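Quick notes on the structure that follows.
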Amino acid sequence: MTNPYVIDDEQLGPLLVRADARARRLTFRTKPDGIHVTVPPGTPLAEVKRAIEQLRPRLLAARQKLARPLIDLNFRIDADYFRLTLVPGRQERFLSRSGVGEMQIVCPPDADFADEALQAWLRKVIDEALRRNAKVVLPPRLQQLAARNGLTYSSVKINSSCGRWGSCSARGSINLSFYLLLLPRHLVDYVLLHELAHTREMNHGPRFWALLDRMTDGRALALRQELRQFRTGLCGLGR
1 MTNPYVIDDE
11 QLGPLLVRAD
21 ARARRLTFRT
31 KPDGIHVTVP
41 PGTPLAEVKR
51 AIEQLRPRLL
61 AARQKLARPL
71 IDLNFRIDAD
81 YFRLTLVPGR
91 QERFLSRSGV
101 GEMQIVCPPD
111 ADFADEALQA
121 WLRKVIDEAL
131 RRNAKVVLPP
141 RLQQLAARNG
151 LTYSSVKINS
161 SCGRWGSCSA
171 RGSINLSFYL
181 LLLPRHLVDY
191 VLLHELAHTR
201 EMNHGPRFWA
211 LLDRMTDGRA
221 LALRQELRQF
231 RTGLCGLGR
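The sequence shown begins at 1 in the numbering used here and counts up by one.
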């Protein structure tokens, strides 16, 4: 391995592996620029990758926590499918006003946005709004794209996954994260088409990419790269 050696993981982002003569074991530290892995000299790459898989849930949680911004009066979501604003109010309690594609949270004047319990509550409120909107937006769009491209699927479900934008089972059941609504419209379509392509080609072989290329006007790989660079902010999703 070169020093440092970079592992580009689709879920975790870059892992920077560095050998250190003082290291006695593998250590992982999550930083804004990626996950830093320190290993003893001579550690096989296979051992590092095994450790990553064993620690993946913890590493993903740490990465997501670091990526989450503070939700306060300066926080905004201005996506194609969902808009959110927080505004000051005079009442003693938080109020929320929501409709299709938008939400406003009215905050009391003494709100302590540094309070972790309040941050957790605000995320829950926003997540529920995203879930409701995703159930309205994503299934019809999926059906439209499927009909346009002559593809079928057995079912579609909306979930809260922070690890995957979407997935497709061997039986053609498609799962979509409601965080998709935070992506630009063209990347939402890319994810839906990606999962629809799996109803015909379950792996990521040449035939899969050829099919997805046809459905995206030859932009499959470019869209994939754009999506991998995208982070929603709320949960650090990446694929």
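Here a beta-carbon is modelled for each residue, glycine too, at the ideal position from N, C-alpha and C.
For clarity, every value in this text was computed on a predicted model and none was experimentally measured.
Could you check which residue in Leu59, Arg63, Tyr5 and Trp121 has the C-alpha nearest to that of proline 41? When only C-alpha atoms are compared, the closest one is Tyr5.
Taking the alpha carbon of serine 98 as the point to measure from, which residue in Asp112, Asn133, Cys107 and Ala114 has its own alpha carbon closest? When only C-alpha atoms are compared, the closest one is Asn133.
Pull up the distance between the alpha-carbon of glutamine 104 and that of leucine 180, whole angstroms please. Cα-Cα distance, rounded: 19 Å.
Helix, strand or coil for asparagine 133, going by three-state DSSP, please let me know. Shown here, asparagine 133 sits in a helix according to DSSP, grouped into three states.
For leucine 26, the nearest candidate out of Pro32, Asp33 and Val37 (CA to CA): Of the listed residues, the one whose Cα sits closest to leucine 26 is Val37.
Classify asparagine 175 as helix, strand or coil using the three-state DSSP reduction. The answer is strand: DSSP assigns asparagine 175 an E or B state.
Check: arginine 25 C-beta below 6 Å from any heavy atom of the ligand MG: Absence of the ligand MG is noted for the structure shown, with no ligands found whatsoever.
Tell me whether asparagine 149 sits in a helix, a strand or coil according to DSSP, three-state version. Three-state result, asparagine 149: helix.
Taking the C-alpha atoms as reference points, what is the distance between arginine 131 and glycine 166? One C-alpha to the other measures close to 14 Å.
In terms of residue numbering, what span does the alpha helix (DSSP H) encompassing alanine 220 cover? For alanine 220, the enclosing alpha helix (DSSP H) begins and ends at 220 to 228.
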